[in-house]
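Input: a single structure, listed below in structure tokens.
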Amino acid sequence: MEKTPILSVQDLNVKFSLRGKVLHAIRGVSLDLYKGETLAIVGESGSGKSVLTKTFMGLLDTNGWIDSGSIFYNGQDLAKYTAEKEWLTIRGKEIAMVLQDPMTSLNPLKTIGAQIEEALKLHQNLTGAAAHQRMIETLTDVGITEPERRAKQYPHEFSGGMRQRVVIAIAIACKPKILICDEPTTALDVTIQAQILHLIRELVRKYELTTVYITHDLGVVANVADRVAVMYAGDIVEIGTSQEVFYDARHPYTWALLSSLPQLGVKGEELFSIKGTPPNLFLEIKGDAFAPRNPHALKIDFEERPPFFEVSPTHKARTWLLDPRAPKVEPPEVLSRLKRGEEI
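According to this note's numbering, the sequence shown is numbered sequentially starting from 222.
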């Protein structure tokens with residue numbers, strides 16, 4: 222894997238205006254995405270996963286804005302883009318997204334084929350026979366049989382799993398460099414989930430895609446990701462390879478997420494759940510945002526935001542527990558079962 226980032230986020234702050242108040246949704250995030258890798262961004266709902274990736278494509282809601290920071294891609298700072306015309310050079314063509322609910326991503330009044338050809342015309346200037354040929358190729362790539370016949374059908378004539386394949390076809394039709402998958406399997410049943418994840422893996426290989434998965438399902442992460450970034454309250458609190466985050470997590474929030482895996486539950490006992498609620502992002506957060514829910518919180522956690530401490534060249538976590546002066550705190554006993562190589 223080459224070490225030059227294909228996309229580099231530096232000290233990004235994103236805010237929203239809601240009912241006369243300002244919500245600080247992304248709080249000083251820095252993140253490098255490397256060519257050819259699969260990065261998973263995990264965290265509870267509302268942690269900022271989708272907002273962060275929407276900034277890569279200019280998809281923030283109208284009441285949201287990038288307050289400061291930069292997003293470098295191909296020598297351009299996407300954080301400075303304001304016009305829709307600028308974003309059209311990126312969106313779909315360079316960076317594409319697969320959303321979680323295929324029914325809201327597709328137009329019920331247009332045939333499947335027409336919707337893929339529309340993307341090809343907009344981003345690749347392909348029309349007529351060339352567009353039709355590419356559309357059929359794409360449908361075949363995502364595993365849709367009889368593509369000529371299926372292309373003439375409408376979204377309601379497809380099952381949920383088939384619709385998600387069509388959404389993926391629209392995303393890859395223009396051969397983007399980066400594919401963002403926002404909870405791509407949430408709306409599907411378990412057997413179909415596995416098929417869609419397998420399909421995305423195949424396409425990543427075929428199209429040499431760099432992929433970002435947004436998910437709260439750690440089981441999905443274990444199967445697809447090279448690296449994992451853990452988000453909490455609009456900030457990345459831990460990042461490392463999949464192996465490092467699963468088997469050597471260092472942030473108490475990551476410990477809590479992993480402890481919540483149903484597979485680690487003991488028959489007859491209640492499943493683990495994280496006590497308390499995430500902080501109110503309308504208010505200024507002092508110290509470590511997770512401190513009020515962290516049974517291992519130190520006094521400094523309530524006073525000063527921790528820096529990133531390096532665990533290895535590829536693994537770092539934003540927690541005072543890694544400071545050499547901090548008391549030694551062991552991860553929860555339940556996580557030792559992950560270390561024993563049990564299937565996630």
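Glycine is no exception: its CB is placed at the ideal position from the N, C-alpha and C atoms.
Given residue i as reference, the closest of the options once Cα atoms are compared
i	options	result
Y474	P548, E307 and P553	P553
Q345	K396, V363, P323 and L360	K396
T407	S557, S266 and R312	S266
A510	L252, S268, L239 and G257	S268
L567	I311, P329 and L254	There is no way to answer for residue 567, as the model of the chain reaches only from 222 to 565.
V487	R558, L260, Y453 and A477	R558
T412	V441, A392, R426 and A390	V441
P405	S271, G249, E258 and S238	S271
N295	E531, N501, V445 and K398	K398
T259	C402, F530 and E465	C402
P499	A477, V388 and S326	A477
L239	K224, K520, W286 and T325	W286
Burial state of residue i (16 or more Cβ within 10 Å)
i	result
N515	buried
P534	exposed
D282	exposed
M222	Low confidence applies to M222: its pLDDT is 48, below 50, so where it sits in the model is not reliable, and the reading given next is rough at best. With fewer than 16 other Cβ atoms within 10 Å, it is exposed.
E551	exposed
I306	For the sequence presented, residue 306 should be read as Lys rather than Ile. The residue is exposed, with fewer than 16 neighbouring Cβ atoms inside 10 Å.
Q354	exposed
L504	exposed
F379	buried
Y428	exposed
R546	exposed
Same chain, Cβ closer than 6 Å to residue i, five either side skipped, listed in chain order
i	result
V555	S480 and L485
T303	none
D544	none
Whole-number beta carbon distance between residue j and residue i, since they are thought to touch under 8 Å
i	j	result
A450	I435	The pair is not a contact, with the Cβ atoms about 10 Å apart (cut-off 8 Å).
G508	A246	Between A246 and G508 the Cβ distance is about 19 Å, and since that is not below 8 Å, they are no contact.
L439	L430	Wrong, their Cβ atoms sit about 22 Å apart, outside the cutoff.
A335	T359	Going by Cβ atoms, the distance from A335 to T359 rounds to 13 Å, so no, they are not a contact pair.
V433	T274	6 Å
Spatial neighbours of residue i in its chain, beta-carbon cut-off 7 Å, leaving aside the 5 residues before and after
i	result
L409	G381, G382, Q385 and I417
K496	R514
G364	R386 and L420
D253	P226 and S229
P483	L492
Close-in-space but distant-in-sequence residues of the same chain around residue i (CB under 8 Å, 5 per side omitted)
i	result
T462	D447, R448, V449, T535 and H536
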